[in-house]
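Trainee: One structure coming up, written as structure tokens, with questions to follow.
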Amino acid sequence: MARTEPEPLTDPAPRCARCSDVIGVYEPLVQVDGDMARRTSRAAEPTIAAKAGPFYHLDCYESDLARLDTQARARDDSG
Ligand SMILES: [Zn+2]
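The structure is reproduced here in structure tokens:
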């Protein structure tokens, strides 16, 4: 069909706010918008990069949560 389809300019690939790596199209990602964290992917939402971030790899987000949780607990214990 569209033989003269122009190449997309730079693909606005979102980067993970934790590891700074590009989040792949089929990688599960987490979009944090204010207090809300939403699990999605670029395959499911091609325009996700244009939305508010930050974005995380699902793994990065979960390990970050685990770390924050551990810190909070440690702080609680020492207090
Ligand atoms: Zn990451």
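Just so we're aligned: 63 in our numbering is position 60 of the sequence shown, and the numbers increase by one with no gaps anywhere.
We treat Cβ as the ideally placed atom computed from N, Cα and C, and that holds for glycine.
Quick one: using the 10 Å Cβ neighbour count with 16 as the cut-off for buried, is R41 buried or exposed?
Mentor: It counts as exposed.
Trainee: Report, in whole angstroms, the separation of the C-beta atoms of A46 and V28, which I expect to be a contact under 8 Å.
Mentor: The Cβ separation is near 5 Å, so the contact holds.
Trainee: Excluding five sequence neighbours on each side, which residues of the same chain lie with their C-beta closer than 6 Å to the C-beta of L71?
Mentor: Cβ within range, chain order: n/a, list empty.
Trainee: So who's on the other strand from P44, going by DSSP bridges?
Mentor: Going by the sequence as given, residue 44 is Ser instead of Pro. Per DSSP, P31.
Trainee: Whose CB is closer than 5 Å to a heavy atom of ligand 1? List the residues in chain order.
Mentor: Ordered along the chain, the selected set is C19, R21, C22, H60 and C63.
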